[in-house]
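K.L.:
Handing you a structure now.
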RNA sequence: CGGGAAGUAGCGCAGCUUGGUUAGCGCGCAGCGUUCGGGACGCUGAGGUCGCGGGUUCGAAUCCCGCCUUCCCGACCA
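In our numbering, the protein residues as written are 5 to 484.
Encoded structure:
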């Protein structure tokens, strides 16, 4: 018996952030880089990102966007052209002042996001209404100098996708913003199984330079919110700053309406914290590098039959599109492997030895329910397939129920501050900056969004009593 | 940047108060053997500029000074 305290993880209930840090390391998702705040994404973690990337990229392409790549370095002056944009980003910029052995005449910023360079290029490329809409996307790294880094959640450099589009009219641009939001919803609900709330950001929480910002707010298992993706309507702000104009059918010059939208490696952090438990990760099947792992249990030297069967299972499952891995490491005990793969979040595990084979069955273990069932050998791959689908439904339902169970309505200031300690609180709010700041100072919670699907209500701000401009209750929570 | 803690093997730590052989322990790692149905065991072995620089001393992981870094808590944030 190895020592449990050295092998296991700090329970979530004891210290959620310790749990998070340990599981990121132990599941071999990522490691810290040598420079403060940087992250090395390890193969197992990167595979999750690739799977996510593939799901999202195909949706981006299916809706008529094209991938492109823009430079990492941006002239500092570009950032300054849009007033709110600079103000929002300047505190977290990394600026290159020296290159080629001498001081640069104009400093270069390492992109924190690419609205500005892309805007500059769009201005060159767009002449006529016939060039619109222009729908671009790029997969890239960006740098934001964060004070308190945490792997996947806040690192100085992270990976993401940023969509940038230009349209002739506000209506077209707003439809685009909704399209982007919709494929994020699909990713969050169908792929990552997060069951987030969709809504609009309050003015104070908007992207720097946007007219409207929309987001998906997922709930982590400690009750905190995490923004899973965002989509912005930028109006003509960037078009004016970068002179992105087109000649209309009538011959007059008009500013384009632009949008931008993004999802980052932070989503992996969301998956970890929304699904994981005290045994480790629980991965949604569509994001699991291995959807099932095969652990053959060898006894004595006569392992060839067992090995052959394991190979056969792997071939059958791969043929059905199920990502499978055989763990035949001879130097580890089965029990060790069970725990290790549970820590890594593999949804299903097939284990079998002499005892099973003699009965013509294998044992199938479910990471979510911890249940084991015996499955006939010739039914294994199809059972795995149906179990994976069931696993997805169960995991999604669990996330959804958890969110609903931890969402409360506050009707008074006292109730609000009591409930805001954990989970989502829905309440009437006046939307003023002073009042949002007051909430933040006293509880460290922020308005997460004005949910789309909330019923219309008319009430006074639960904090200060002023009239609510939203016409519905909005969501507050502590957030990552 | 403000408040707190810590730097000794890959990881977790002991040793420091009271300076003194070759700096230990657990896990992990390597080799061999026995094992294998929920974190196996035995034997053998590899692995260290004790964060960096200076000082005190016959002698510093240990005492003194300076610096650096990391982690936790607050202000920022996808």
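We put the beta carbon where it would ideally sit given N, CA and C, even for glycine. In this text, all values refer to a predicted model and were calculated from it rather than measured experimentally.
What are the boundary residues of the beta strand (DSSP E) that includes residue 49?
P.N.:
Annotation for residue 49: no beta strand (DSSP E) segment contains it, though the alpha helix (DSSP H) segment containing it runs 47 to 66.
K.L.:
Answer yes or no: do residue 392 and residue 351 have a C-beta to C-beta separation smaller than 8 Å?
P.N.:
yes
K.L.:
Report the three-state DSSP secondary structure of residue 6 (helix, strand or coil).
P.N.:
Confidence in residue 6 is poor, its pLDDT being 34 and thus under 50, which makes the residue's placement too unreliable to answer from.
K.L.:
For residue 90 versus residue 114, is the C-beta distance shorter than 8 Å?
P.N.:
no
K.L.:
Scan the segment 222 to 263 and note each continuous beta strand (DSSP E) run of 3 residues or more that stays entirely inside, going in chain order.
P.N.:
229 to 237, 249 to 251 and 257 to 259
K.L.:
By alpha-carbon positions, which one of 379, 372, 117 and 332 ends up nearest to residue 361?
P.N.:
379
K.L.:
Who pairs with residue 267 in a beta bridge, going by DSSP?
P.N.:
165
K.L.:
By the 10 Å Cβ neighbour count, where 16 or more other Cβ atoms means buried, how is residue 169 classified, buried or exposed?
P.N.:
buried
K.L.:
Straight-line CA distance for residue 12 to residue 239?
P.N.:
51 Å
K.L.:
If you draw a straight line from the C-alpha of residue 358 to the C-alpha of residue 302, how long is it?
P.N.:
8 Å
K.L.:
Using CA coordinates, which residue listed in 96, 69 and 55 is at the minimum distance from residue 41?
P.N.:
Of the candidates 96, 69 and 55, 96 places its Cα closest to the Cα of residue 41.
K.L.:
Could you tell me which residues DSSP pairs with residue 328 in its beta bridges?
P.N.:
296
K.L.:
Count the other CB atoms, across all protein chains shown, that sit within 10 Å of the CB of residue 139; report buried if there are 16 or more and exposed otherwise.
P.N.:
buried
K.L.:
Touching or not, the segment 59 to 78 and the segment 315 to 324, by the rule of three or more beta carbon pairs under 8 Å?
P.N.:
With the rule of 3 Cβ pairs closer than 8 Å, the segment 59 to 78 does not count as touching the segment 315 to 324.
K.L.:
Could you work out which residue in 249, 383, 29 and 100 is closest to residue 321 when comparing CA atoms only?
P.N.:
383
K.L.:
Evaluate contact between the segment 162 to 182 and the segment 115 to 131, counting only Cβ atoms and requiring at least three cross-stretch pairs below 8 Å.
P.N.:
yes
K.L.:
What do you get for residue 199, buried or exposed, if any count of 16 or more other CB atoms within 10 angstroms of its CB means buried?
P.N.:
Buried, by the Cβ-count rule.
K.L.:
Using a Cβ-Cβ cutoff of less than 7 Å, which residues in the same chain neighbour residue 264 once the five nearest sequence positions on both sides are dropped?
P.N.:
Excluding positions up to five away in sequence, the list reads 119, 166, 167, 168, 236 and 238.
K.L.:
Just tell me which of 101, 223 and 27 has its CA closest to the CA of residue 201.
P.N.:
223
K.L.:
Mind checking which residues open and close the alpha helix (DSSP H) that includes residue 177?
P.N.:
174 to 190
K.L.:
Would residue 398 pass as a contact of residue 368 if the rule is Cβ separation under 8 Å?
P.N.:
8 Å or more divides the Cβ of residue 398 from the Cβ of residue 368.
K.L.:
Say whether the segment 27 to 40 touches the segment 227 to 235, bearing in mind that this needs 3 or more beta-carbon pairs closer than 8 Å, one atom from each stretch.
P.N.:
no
K.L.:
Quick check: the Cα distance between residue 253 and residue 130, rounded to an integer number of angstroms?
P.N.:
14 Å
K.L.:
Among 83, 203 and 53, whose alpha-carbon lies nearest the alpha-carbon of residue 453?
P.N.:
Comparing Cα positions, the closest option is 203.
K.L.:
What are the boundary residues of the beta strand (DSSP E) that residue 128 is part of?
P.N.:
Segment 119 to 129 is the alpha helix (DSSP H) holding residue 128; no beta strand (DSSP E) there.
K.L.:
Please classify residue 270 as buried or exposed, where buried requires at least 16 neighbouring CB atoms within 10 angstroms.
P.N.:
buried
K.L.:
For residue 294 and residue 346, I'd like the C-alpha separation in whole angstroms.
P.N.:
11 Å
K.L.:
Do you know how far the Cα of residue 325 is from the Cα of residue 14?
P.N.:
35 Å
K.L.:
So residue 242 and residue 299 are supposed to be a Cβ contact under 8 Å. How far apart are they, rounded?
P.N.:
Not really, about 54 Å apart at Cβ, beyond 8 Å.
K.L.:
Could you check the C-alpha separation between residue 85 and residue 468 for me, to the nearest Å?
P.N.:
37 Å
K.L.:
Whose CA, out of 282, 456 and 441, lies closest to the CA of residue 221?
P.N.:
Here the closest residue by C-alpha is 456.
K.L.:
Let's test the definition: count the other Cβ atoms within 10 Å of the Cβ of residue 205 and tell me whether it reaches 16, buried, or not, exposed.
P.N.:
buried
K.L.:
When DSSP labels each residue in this structure, what does residue 407 get in the three-state scheme?
P.N.:
In the structure shown, residue 407 sits in a helix (DSSP, three-state: H, G or I).
K.L.:
Skipping 5 residues on each side, what residues in its chain have a beta carbon closer than 6 Å to that of residue 431?
P.N.:
414, 420, 466 and 477, listed in sequence order.
K.L.:
Less than 8 Å between the C-beta atoms of residue 208 and residue 437, yes or no?
P.N.:
Contact annotation: residue 208 and residue 437 have beta-carbon atoms nearer than 8 Å.
K.L.:
Just tell me which of 151, 428 and 244 has its CA closest to the CA of residue 405.
P.N.:
The closest CA to that of residue 405, considering only 151, 428 and 244, is found on 428.
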